[in-house]
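Accompanying notes for the structure given below.
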Amino acid sequence: MTQTIEKELKTAISLEHYTLLLNHFNVNPTHYIKQHNLYYDTTDGKLRQNKAGLRVRLVDTTAEFTLKESIRTHEKLETTDTFELLQMTPHTFVSGDVSEKLLKTYHISLDALTVIGELINERYEIHAPEGIWAIDKSHFPSGVTYELEFEYTTTPQPFYDLLKQLSIPYVKVASKLSRALFQSTQAK
4 MTQTIEKELK TAISLEHYTL LLNHFNVNPT HYIKQHNLYY DTTDGKLRQN KAGLRVRLVD
64 TTAEFTLKES IRTHEKLETT DTFELLQMTP HTFVSGDVSE KLLKTYHISL DALTVIGELI
124 NERYEIHAPE GIWAIDKSHF PSGVTYELEF EYTTTPQPFY DLLKQLSIPY VKVASKLSRA
184 LFQSTQAK
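Each residue of the sequence shown is one higher than the one before, starting from 4 at the first, in our numbering.
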């Protein structure tokens, strides 16, 4: 289990700005990560009501079971259990610290969870001294979105500096979980 405080800024971007950012960061295949994200909640939305989100992220041979809890603006407490993909499938869970926290904090058992949304995310991740940059192309059931994320440890200023330098407007964007949920309700 890992537990971290995620400090993150993000902006929606156009395909043109997506391409501009890939060139700016001089990305190569080592930066590429394909992720299959599934988002879970109870049928009555207990996690969402408590400003929390639950994601299973499938990447290569691993599955990450992550609980995100809001602390304050742009900050979330992330608790993650990582398993070998053979131990965990998209619709079954392995007990661990996340499942314990779900039960103790929210009184939610694993069998009460249901998929509320999903997406395939193509990410280019760049580790830099100022933080981690992620350039995302997310495939939802009804379309594709692009975004730039910046995970920082000390200051968010490099994010704003880059937007200004490349003339990219800041466009507030909902979390991937919120967009996946919206997309799944639109598909019904």
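Glycine is no exception: its CB is placed at the ideal position from the N, C-alpha and C atoms.
- Each of 112, 70, 11 was checked against the Cα of residue 133, and the nearest Cα belongs to 11.
- In the three-state DSSP reduction, residue 173 falls in the coil class, being neither helix nor strand.
- Between the beta-carbon of residue 45 and that of residue 116 there is about 7 Å, and that keeps the pair under the 8 Å contact cut.
- Comparing C-alpha distances from residue 63 to each of 124, 164, 152 shows the shortest one belongs to 124.
- When the beta-carbon positions are compared, residue 40 and residue 154 stay at least 8 Å from each other.
- Secondary structure in the region 94-169: the alpha helix (DSSP H) runs of 4 residues or longer, each lying completely within the stretch, are 100-109, 160-168 in chain order.
- Nearest Cα to residue 138 within the set 146, 144, 129, 145: 129.
- The closest CA to that of residue 86, considering only 54, 77, 97, 76, is found on 97.
- Distance check between residue 43 and each of 60, 35, 33 places 60 closest, using alpha-carbon atoms only.
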